[in-house]
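Enquirer:
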Amino acid sequence: MLARWSLRSKLVVLAALALLPVLGIAAWQARTEQRAAESQSRSALGFAADLAIARYGELIEASTHLLSAACLSDDAQLAASMAPQPADVGRCDAFLSRLLGSFPDQYSSILVTDELGVARCASTPTAVGMSFADRDIFQKGKATGRVVVGDKIASRIGPHTVVPIGMPVVREGGFRGMCVLGITLKAISETTAAQTESRGDIAVAVVDRTGISVGGDASTMRRLPPSARVAEAIAGHQDDFSEYGQDGALYVFRLRPISGSALVAVASQPLAEGPMVLVGAWSRFALMVLAALGVLLVIWLGADRWCVRPLRYIQDFADKVARGQDIELAPVQPWTPELASVGAGVTAMAEAIASREAALRAGLEQRDHMLREIHHRVKNNLQMISSLLNLQAGEIRSPRIRRFFGDAQNRVLTLSILHRHLYERSSWSLVDFQQFISDLVRQISVGRTTPGGAMPRYHIRAPIMAVGPDPAIPVGLIVTEAVSIALGHDFSKTPTPEIRIEAAERGEDVELVIEDNGVGLENRMLGQDGRGGFALTLIRGLAMQLGGEATVERKSDGGNRVSVVFPTPAPDEPANA
2 MLARWSLRSK LVVLAALALL PVLGIAAWQA RTEQRAAESQ SRSALGFAAD LAIARYGELI
62 EASTHLLSAA CLSDDAQLAA SMAPQPADVG RCDAFLSRLL GSFPDQYSSI LVTDELGVAR
122 CASTPTAVGM SFADRDIFQK GKATGRVVVG DKIASRIGPH TVVPIGMPVV REGGFRGMCV
182 LGITLKAISE TTAAQTESRG DIAVAVVDRT GISVGGDAST MRRLPPSARV AEAIAGHQDD
242 FSEYGQDGAL YVFRLRPISG SALVAVASQP LAEGPMVLVG AWSRFALMVL AALGVLLVIW
302 LGADRWCVRP LRYIQDFADK VARGQDIELA PVQPWTPELA SVGAGVTAMA EAIASREAAL
362 RAGLEQRDHM LREIHHRVKN NLQMISSLLN LQAGEIRSPR IRRFFGDAQN RVLTLSILHR
422 HLYERSSWSL VDFQQFISDL VRQISVGRTT PGGAMPRYHI RAPIMAVGPD PAIPVGLIVT
482 EAVSIALGHD FSKTPTPEIR IEAAERGEDV ELVIEDNGVG LENRMLGQDG RGGFALTLIR
542 GLAMQLGGEA TVERKSDGGN RVSVVFPTPA PDEPANA
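So in our numbering, spot 128 of the sequence shown is number 129, and the numbers just go up one at a time.
1. Using only alpha-carbon positions, find the residue among TYR108, ARG157, GLY151 and ILE138 that is nearest to GLU127.
2. Here's the rule I'm using: 16 or more other beta-carbon atoms within 10 Å means buried, otherwise exposed. How should MET385 be labelled?
3. So, at 8 Å on beta carbons, what are the nonlocal neighbours of MET83 in its own chain, with the 5 sequence-adjacent residues on each side left out?
4. Can you tell me the Cβ-Cβ gap for SER485 and ASP408, rounded? I've got them flagged as a contact below 8 Å.
5. If you reduce the DSSP assignment to three classes, tell me which class MET83 lands in.
6. Whose CA, out of VAL149, PHE535, CYS180 and PRO311, lies closest to the CA of ASP137?
7. Which whole runs of the alpha helix (DSSP H) in the region 309 to 365 are 4 residues long or more, in chain order?
8. Work out the CA separation of LEU112 and ALA120 for me, nearest whole Å.
9. For the alpha helix (DSSP H) containing PHE133, list its first residue and its last residue.
10. Could you tell me the distance, in whole angstroms, from the CA atom of GLY528 to the CA atom of LYS556?
11. Can you round the beta-carbon distance between ALA206 and LEU225 to whole angstroms, since I take them to be within the 8 Å contact cut?
12. For VAL309, I'd like the list of residues in its chain whose CB is within less than 6 Å of its CB, leaving aside the five on either flank, ordered along the chain.
13. Comparing alpha-carbon positions, which option in GLY175, ALA155 and SER109 lies nearest ARG147?
14. State the DSSP-derived secondary structure class of ILE154, mapped to helix, strand or coil.
15. Just to confirm, are TYR459 and VAL442 a CB contact at a threshold of 8 Å?
16. Quick check on MET466: does DSSP put it in helix, strand or coil?
17. Assuming ILE500 and VAL563 form a contact by the criterion Cβ under 8 Å, report the distance between their Cβ atoms to the nearest whole angstrom.
18. Which runs of the alpha helix (DSSP H) fall wholly inside the region 451 to 512 and span at least 4 residues, in chain order?
19. Just how far apart, CA to CA, sit CYS72 and VAL170?
20. Whose C-alpha, out of THR569, ASP558, VAL520 and ASN561, is nearest the C-alpha of ALA544?
21. Just to check my reading of the structure: ILE189 and LEU68 have Cβ atoms closer than 8 Å, yes? What is that Cβ distance to the nearest angstrom?
22. Kindly list the residues whose CB is nearer than 7 Å to the CB of SER439, restricted to its own chain and excluding five residues on each side of it in sequence; keep chain order.
23. Beta carbon of ASN518, beta carbon of GLY560: below 8 Å?
24. Going by CA-CA distance only, name the one from PHE48, LEU297 and TYR314 that's closest to PHE1.
25. If you reduce the DSSP assignment to three classes, tell me which class ILE540 lands in.
26. Tell me the rounded alpha-carbon separation between ALA88 and LEU264.
27. Considering Cα atoms alone, identify which of LEU302, ILE166 and GLN326 is closest to GLY151.
28. Under a three-way DSSP split, which group does ILE259 fall into?
29. Quick check on DSSP: helix, strand or coil for ARG210?
30. Quick one: what does DSSP say THR185 is sitting in, helix, strand or coil?
31. Is VAL23 buried or exposed, if buried means 16 or more other CB atoms sit within 10 Å of its CB?
32. Which class does ARG147 belong to by DSSP, given the choice of helix, strand or coil?
33. If you check the beta carbons only, do MET350 and ALA27 fall under 8 Å apart?
34. Answer with buried or exposed for ALA268, where buried requires no fewer than 16 other C-beta atoms within 10 angstroms of its C-beta.
So this is what it looks like as structure tokens:
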């Protein structure tokens with residue numbers, strides 16, 4: 002299969018094989034970088050979530066310190082009683098108001114209750130007198146005697162949702178009330194979002210166990226998937242997952258529960274999809290692939306310019322030389338030294354071939370000239386012999402002997418006509434079968450007469466084919482003998498005297514038929530048994546020389562019929578002797 006490939010294809014495949022290790026290393030490096038980027042992204046998400054938890058812890062710790070300072074003040078201690086003095090309540094309200102004024106929008110309110118959970122002083126005057134005994138944070142703080150961070154609740158004092166922090170007021174070894182501070186969700190969201198400003202595309206939101214966000218900016222909240230999906234991940238202890246956000250984009254989420262509360266920090270980062278996955282580490286690999294394709298294209302074009310085109314030109318040059326055209330190797334553009342050497346070799350070969358062809362052509366022309374000269378001289382000699390026989394026959398008085406001389410003269414004339422055809426034709430070794438028989442009959446009939454004086458007409462029908470001299474000689478002699486026998490018949494009483502000579506191909510054989518419709522004067526040529534006479538013996542011998550068989554018979558209506566069937570001779574091969 003490779004042997005059928007072109008030189009250009011093989012060069013490109015070889016270059017591609019050489020580039021495969023480089024592309025393999027580039028792919029491995031791109032995959033390694035992609036995994037490193039994914040690991041770094043996961044680490045960044047985890048870090049963002051952990052940082053949000055730490056900031057939330059700092060917020061809770063700072064709020065606890067603030068609440069502790071407020072509860073341990075004399076104003077709060079005096080107000081935390083069943084029947085505080087109005088003056089103490091006033092000082093406590095003023096103190097708590099000043100304290101929250103230092104942290105605007107971070108806390109909703111701060112208040113002090115008695116041991117029954119009734120607010121005795123507060124930063125918001127409307128809260129005084131409200132009972133918070135049913136709140137979970139009041140009950141847990143009273144039972145444990147420690148600082149308690151509650152779950153997200155709706156504030157009774159204002160329109161805010163807050164995360165309450167409670168600290169018991171213990172005096173003289175007993176529970177005397179509780180200080181409660183409400184942290185706004187805005188403070189929580191701003192605290193957790195503050196760390197994402199330096200993290201680029203990472204955002205952090207805080208949600209409760211039901212997946213509902215506790216607050217934050219609108220863009221961060223739109224990143225979150227439906228709350229049911231977040232709640233499912235929290236319930237299934239799923240640390241990270243990929244999901245489409247409410248804004249329709251695909252994100253990867255990392256969950257971190259905030260210890261000591263029912264809240265969860267959710268860090269999100271956009272996740273590439275579709276063709277965007279290739280951006281980054283794989284983009285460099287794609288550039289290397291494009292560069293490799295560019296190299297292969299350059300090799301393809303270069304091979305066509307410096308290899309294929311010169312070789313094609315050399316091939317065309319060789320084809321034209323093979324067809325005998327006299328051209329010069331003249332490339333339009335300069336070649337490389339190697340191809341120039343090949344071109345010089347082809348030119349030298351073409352010149353050598355042209356020189357040998359010229360020598361062969363000259364030799365063939367000389368040989369043809371010599372053969373034509375030989376055939377011409379043989380023809381002249383045979384004509385001279387025929388003339389001598391004719392002169393000698395004129396001196397003979399016996400008709401029978403004169404007839405023998407005439408038969409011999411016709412046989413010599415047959416050979417002379419054959420040699421004339423050989424040197425007159427362009428191919429010295431082939432004879433036109435039909436033309437040869439026509440000329441032969443015409444020459445035999447010249448000066449001949451029949452016993453009755455009436456000359457027959459000749460009907461010659463033979464295939465137009467070229468045969469060699471070896472089969473032509475026996476055929477010519479057979480025609481000569483058969484026609485000579487026919488001319489010895491009397492055609493005076495025949496309405497349409499004729500001699501038919503027909504040759505036809507019958508499959509792989511040729512059938513030659515010579516017949517006449519004259520009346521035989523004697524049986525000197527044909528015996529009663531169909532055999533006899535030198536002419537008939539000669540015809541049968543010549544048929545055997547052709548590899549066939551001769552049949553001679555007397556027709557019922559007068560005349561003879563000579564039929565010779567022999568294999569069709571090849572144009573360049575003689576018949577079997």
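Idealized CB from N, CA, C, for every residue including glycine.
Fair warning: this is a prediction, and the values are worked out from it, not measured in the lab.
Expert: According to the data block:
1. The amino acid at residue 127 is misidentified as Glu; the sequence shows Thr. In terms of CA proximity to THR127, ARG157 leads the group TYR108, ARG157, GLY151 and ILE138.
2. exposed
3. ASP115, GLU116 and LEU117
4. 6 Å
5. coil
6. It is VAL149.
7. Listed in chain order, the complete alpha helix (DSSP H) runs (minimum 4 residues) inside the region 309 to 365 are 310 to 323.
8. 7 Å
9. Segment: none, PHE133 is in no alpha helix (DSSP H) and carries neither H nor E.
10. Note that GLY528 has pLDDT 45, beneath the 50 cutoff, so the model's placement of it is unreliable and the number below is only indicative. The C-alpha of LYS556 is placed about 13 Å away from the C-alpha of GLY528.
11. 6 Å
12. For VAL309, where only same-chain residues beyond five positions count, the Cβ hits under 6 Å are ARG9.
13. GLY175
14. strand
15. yes
16. Residue state for MET466 is assigned as coil, using DSSP reduced to three classes.
17. The Cβ separation is near 11 Å, so there is no contact.
18. 470 to 488
19. 7 Å
20. THR569
21. Between ILE189 and LEU68, the beta carbon gap of about 16 Å keeps them out of contact (Cβ cut-off 8 Å).
22. ILE461
23. yes
24. The structure shown does not extend to residue 1, since the chain spans only 2 to 578, so no value can be given for it.
25. helix
26. 40 Å
27. ILE166
28. coil
29. In the structure shown, ARG210 sits in coil (DSSP, three-state: anything other than H, G, I, E or B).
30. strand
31. exposed
32. coil
33. no
34. Buried is the call here.
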